[in-house]
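So the protein sequences, as listed, match chains A and B. Numbering-wise, the first sequence is residues 24 to 214 according to our numbering. Numbering-wise, the second sequence is residues 300 to 838 according to our numbering.
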Amino acid sequence: MKKDIILSGVGGQGILSIATVIGEAATIAGLHLKQAEVHGMSQRGGDVQSDLRLSTEPIASDLIARGQADLIISMEPMEALRYLPFLAADGAVITSSKPFINIPNYPEEAALQAELKALPKVVQSDIDQVAADLGAARSSNMVLLGMAAKFLEIVSPDTLREAIRHIFASKGDSVVESNIRAFNAGIELSE
Amino acid sequence: MSQQKLLLGDEAIALGALHAGLGGVYAYPGTPSTEITEFIQGNPLTRERGIHSRWCTNEKTAMEAALGMSYAGKRALVCMKHVGMNVCADAFVNSAITGTNGGIVVLAADDPSMHSSQNEQDSRFYGKFAMVPVFEPSNQQEAYDMMKVAFEYSEAIKEPVVMRLVTRLAHSRASVTIGEPNAQQQLPLSTGRQWVLLPGIAKKNYAVLIDKQPGMLKAAEDSTYNSLTLYPANKGKMGVIACGIGYNYVTEAQPKNVSGVLKVSQYPLPESQIRQLAANSDSLLVVEDGQPVVEQDIKAMLGTGYVVKGRLSGDLPRTGELNPDSVARSLGEETGACFDASKNVVGRPPALCPGCGHRDVYNALNKVAAEYPNARIFGDIGCYTLGALPPFQALASCVDMGASITMAKGAADAGAFPCIAIIGDSTFTHSGMTGLLDAINDHSNITVVISDNLTTAMTGGQDSAGTNKFEAICRGLGVEEEHLHVVVPLPKNMDEITRIIRDEINYDGVSVIIPRRECIQTLNRRMRKERALKEAAKK
Ligand SMILES: Cc1ncc(C[n+]2csc(CCOP(=O)(O)OP(=O)(O)O)c2C)c(N)n1
């Protein structure tokens, strides 16, 4: 089995911590993994993207081919749509519904929504609001990961929880628990 | 005992170097190479063993210091982004003429597609130019393993060797099997005369370097990193030469119609395997990330009658990085999108952070520049290059590190007025100081703005070599006291800053204005750390 995942967002939104958690989960599960990250210029408020590939078999390419991504996980709705040519026919888009507007020509939100709703498999929600309501405002990316959990298949929600515990352990119990709560809330959103 | 670790390509290089018994890393930051030195700086072995890891002022000082460490018998790693090779080229090319004592690995991280660069030059050319071996790992494991091999090989042939990475390997993570660290290498201090490149000695050394070439070729042909796989059932069809990470895209495409695949990860090119593959094929496809270095060489090797395909022939795109799609297509395998590109998505270019001091500098510069019909602001490389984009659109140029001051000078020499240069603090010490001296000696009519955010921000906030020294440097170079100003770039100081800029533009000579305020990113990071420390102290 393999899962090709595109993570996207805007520089500074924290897509790499989602990648880190999935990466840790893949390591716990003994999977092969390749993860191409973006560092450098675009991290200054530009569009950022990471290709994350998990497989039970060895992986050759660091990049995902067009039409191959099983999942697009995005911190931002327009950034989710940017990678549509990479999405597989039965692929799913998991995204925050809330636009991050730092450019003057940001498209009409209604147009983005129309495009998203026309896709076969989409889960979206205002993850910042969900996280804030839980009192875990800094964990909105874990809400998003929770929303993606049932589509990840190759790693189970329990393994993802274990990975969250490992990754945030150094920040103390309360940070770990906020992230777990955020993750669990995300799982419920995609039920 | 071996162990598995998830590592970026850069981190695999760093750990490989440490485990090879490194004496020191000498580097100037630059995407995508920066994480190598940062990893070494953060590794416990570095402190334990006193391994040198402080950032250098530029790539040339780095290369030369590495050569000194090699002279003294230790292993040295030099790291830079591809354009850094231009800066250290004099030292690098001549290090092949002197030869080495302790092993030297020169790591150049290329950036095909220019994710964070001004060009996509290919460092394999530099290896050929200096006539030294080049290693080009195809994955993170090879990146780790090759460092030990490269240092040993450098010591065996007494030449520096080049390690070439591309962005997609440097910044991609995978699991790597790592071993135990070797003891730190220590050879005797050199006693030879070969380091004195007077013509008489250099001529002899050059002949020695040329005599080493057949050995380098043999080593590449025998290298386990170069391997030929033939598919006899497809004899007479197209053969594939896959260099570095190009090999991964070929593997991914699972081509069904090729006569064989030659994986190349060590240069000079393994000629015997190439000829063998050519003899089994009707044509060759060269899959290489970067410029068509190998494609050209193979055309020359096989002669005009033999069909060689690649970036020059148009079978692969002439520019930009390879990807699984372009490589699959060149192999006659199709990949394809299932969904069309969105019509609503627009570009989201990077921008200066909210609250960044460079913003206030551009607001002031633009205000004053608007008062002159022909004002030109010559830019340089760093976060402040983003001043070229909206909303500022302030810059007339951005070419290479240091060029702001010297281009302003040249334009002023030609009579343009007013000529303003804007340069960052790290870029100024990297390559701006010498240009400023030229301007001072010529009494050029320029206004230089050193926008000092106390760090090397663009590459992630590394220490900047000149911090706290800029006024002294400028005075020492001969900037007159009354034309040297330090200001704090904040909106409330706008009147003062614009007045100073205006006055200095009207002064016929060299003026330097230093707007100084800490980078907002490093400031936030520092405050977070201090807060965490305070909280820990409370517990
Ligand atoms: C020869 C060369 N080496 C390294 C780089 C990578 N690089 C680009 S900008 C930059 C840092 C600039 O720092 P500074 O001048 O202080 O400006 P800041 O980003 O802090 O505003 C570096 C290291 C480069 N482009 N060229």
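Just so you know, even glycine gets a beta-carbon here, dropped at the ideal spot from N, CA and C.
Taking a Cβ-Cβ threshold of 8 Å, the residues of chain B close to residue 34 of chain A are 649, in chain order. Residue state for residue 827 of chain B is assigned as helix, using DSSP reduced to three classes.
Burial state of residue 351 of chain B is buried, judged by a 10 Å Cβ sphere holding 16 or more other Cβ atoms. Cβ atoms of residue 31 of chain A and residue 41 of chain A stay farther apart than 8 Å, at about 10 Å. A direct Cα-Cα distance of roughly 15 Å separates residue 743 of chain B from residue 675 of chain B. Secondary structure at residue 382 of chain B: coil, using DSSP grouped into helix, strand and coil.
Setting aside the 5 residues that flank it on each side, residue 803 of chain B is surrounded in the same chain by 746, 782, 810, 812, each with a C-beta closer than 7 Å to its C-beta; the list follows chain order. In the same chain as residue 57 of chain A, and ignoring 5 residues on each side of it, the C-beta atoms closer than 6 Å to its own belong to 76, 82, 85, in chain order. Per DSSP, reduced to three states, the secondary structure at residue 425 of chain B is helical. In the three-state reduction of the DSSP assignment, residue 116 of chain A falls in the strand class, which pools E and B. Not one heavy atom of ligand 1 falls within 8 Å of the beta-carbon of residue 422 of chain B.
Of all residues in the stretch 180-206 of chain A, none comes within less than 8 Å of chain B when Cβ atoms are compared.
Rounded to whole angstroms, the gap between the alpha carbons of residue 334 of chain B and residue 310 of chain B is 7 Å.
The beta carbons of residue 532 of chain B and residue 525 of chain B sit no closer together than 9 Å. Pairing residue 385 of chain B with residue 755 of chain B, the inter-Cα distance amounts to about 20 Å.
Out of B:357, B:324, B:329, B:355, the CA that lies nearest to the CA of residue 341 of chain B is found in B:324. Annotation for residue 391 of chain B: the continuous alpha helix (DSSP H) segment containing it runs 388-397. Along the stretch 35-48 of chain A, the positions whose C-beta sits under 7 Å from a C-beta of chain B are 46, read in chain order.
In the DSSP assignment, the residues bridged to residue 326 of chain B are B:378. Residue 547 of chain B reaches chain A at 83, 84, 85, counting residues in chain order whose Cβ is nearer than 7 Å. Residue 161 of chain A is classed as exposed because its beta carbon has fewer than 16 other beta carbons within 10 Å across all chains shown.
The secondary-structure analysis by DSSP pairs residue 27 of chain A across a beta bridge with A:76. Judged by DSSP in its simplified three-state form, residue 487 of chain B adopts coil rather than helix or strand. Following the DSSP letters along the chain, one finds residue 165 of chain A in no beta strand (DSSP E) but inside the alpha helix (DSSP H) bounded by residues 163-175. Assigned with DSSP and collapsed to three states, residue 559 of chain B falls in strand.
The shortest C-alpha to C-alpha distance from residue 136 of chain A to any of A:105, A:188, A:101 is the one to A:101. With respect to chain B, the C-beta atom of residue 168 of chain A has no partner C-beta closer than 9 Å. For residue 733 of chain B, the CB stays at least 8 Å from every heavy atom of ligand 1. Under the three-state reduction of DSSP, residue 369 of chain B is assigned to helix. At a cut-off of 4 residues, the continuous stretches assigned as alpha helix (DSSP H) that sit fully inside the stretch 444-473 of chain B are 466-469. Residue 193 of chain A sits exposed, since fewer than 16 C-beta atoms from the chains shown fall within 10 Å of its C-beta.
Look at residue 199 of chain A here: in three-state DSSP terms it is helix. DSSP lists B:323 as the beta-bridge partner residues of residue 351 of chain B.
According to the DSSP assignment, residue 528 of chain B belongs to the beta strand (DSSP E) that extends over 526-529.
Secondary structure note for residue 737 of chain B: its alpha helix (DSSP H) is the uninterrupted segment 732-741.
Inclusion of residue 657 of chain B in the 8 Å shell around ligand 1 follows from its C-beta lying nearer than that to a non-hydrogen atom of the ligand.
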